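Following: one structure in structure tokens, then a few remarks.
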């Protein structure tokens with residue numbers, strides 16, 4: 357939150373007539389990085405066997421991603437779960453086996469290879485893909501631009517109101533309250549992919565960077 361109180365210098369003080377407005381700024385930017393969750397899910401009645409198979413397939417997936425040029429630091433475990441699976445027959449719980457889920461989160465800086473990353477993962481053991489997100493690295497710089505747009509938007513609103521009321525607007529706001537920054541990344545809904553998929557295409561679209569403020573302006577009667 358940013359509060360601005362200008363010097364009085366003879367201008368109206370607190371308690372005088374005010375115009376209170378909101379200002380909004382929206383900037384559409386091209387994403388320059390992405391992330392995707394690649395999962396290996398294995399099932400077996402023997403827990404150790406399920407774990408070993410999952411470990412082997414996860415390693416094969418990781419090795420294949422590194423071979424694509426993905427830095428090892430951009431591949432990390434996002435989730436790892438061991439679950440017991442049951443069937444229900446005539447109200448009875450019947451043990452079916454164990455399910456091991458190992459989900460890797462992969463950061464991708466070359467957006468042109470996103471489809472290849474997913475395809476390579478699937479070819480090497482991935483059977484679950486989710487949370488494909490496109491992001492922007494230098495979000496703060498874009499937010500500053502959106503914030504400037506929001507302030508200008510508030511000023512134009514205040515001018516319009518002052519003109520409609522036939523009063524003289526003091527153009528420097530007596531108070532500015534900054535709202536929260538909002539970045540809306542483009543993403544794909546979680547989905548399960550099966551082996552055999554090839555040439556997967558993903559379109560990055562644009563990311564909306566939003567800023568909003570509340571501003572108060574003094575105004576004077578027009579004589």
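In this note's numbering, the protein residues as written are 357 to 579.
Note that the Cβ used here is the ideal one computed from N, Cα and C, for glycine as well.
It should be emphasised that the depicted structure is a prediction, and the values quoted were computed from it without experimental measurement.
On the criterion of 16 or more Cβ atoms from any shown chain inside 10 Å, does residue 561 qualify as buried, or is it exposed?
exposed
Enumerated in chain order, which unbroken segments of the beta strand (DSSP E) with a length of 3 residues or greater are wholly contained in the stretch 432 to 477?
448 to 464
What are the start and end residues of the beta strand (DSSP E) that includes residue 400?
389 to 400
Around the Cβ of residue 527, are there at least 16 other Cβ atoms within 10 angstroms (buried) or fewer (exposed)?
exposed
Among residues of its own chain, excluding the 5 on either side of residue 576, which ones have a beta-carbon nearer than 6 Å to its beta-carbon?
524
Would you mind giving the Cβ-Cβ distance between residue 400 and residue 453, rounded to the nearest angstrom? I have them listed as a contact below 8 Å.
6 Å
Short check: CB of residue 470 to CB of residue 488, under 9 Å?
yes
Using 8 Å as the threshold, is the stretch 462 to 480 in touch with the stretch 382 to 392, meaning 3 or more CB pairs across them?
yes
Where residue 511 sits in the DSSP three-state scheme
helix
To the nearest whole angstrom, what separates the beta carbons of residue 502 and residue 567, a pair I think is in contact under 8 Å?
4 Å
Within 10 angstroms of its Cβ, does residue 440 collect 16 or more other Cβ (buried), or is it exposed?
exposed
Taking a contact to mean a Cβ-Cβ separation below 9 Å, would you say residue 459 touches residue 443 in this structure?
no
Hey, does residue 453 have any beta-carbon neighbour from chain D nearer than 9 Å?
Annotation note: the requested chain D is absent from the structure, which comprises a single protein chain.
Inter-residue CB distance, residue 514 and residue 377 (contact presumed, cutoff 8 Å)
5 Å
Residue environment, residue 413, which counts as buried when at least 16 other CB atoms sit within 10 Å:
buried
Does the Cβ of residue 551 have 16 or more other Cβ atoms within 10 Å, making it buried, or fewer, making it exposed?
In this prediction, residue 551 has a pLDDT of 44, which is less than 50 and means its spatial position is unreliable; what the coordinates show is noted afterwards. Residue 551 comes out exposed.
What does residue 408 pair with, by DSSP beta-bridge criteria?
According to DSSP, residue 408 bridges with nothing at all.
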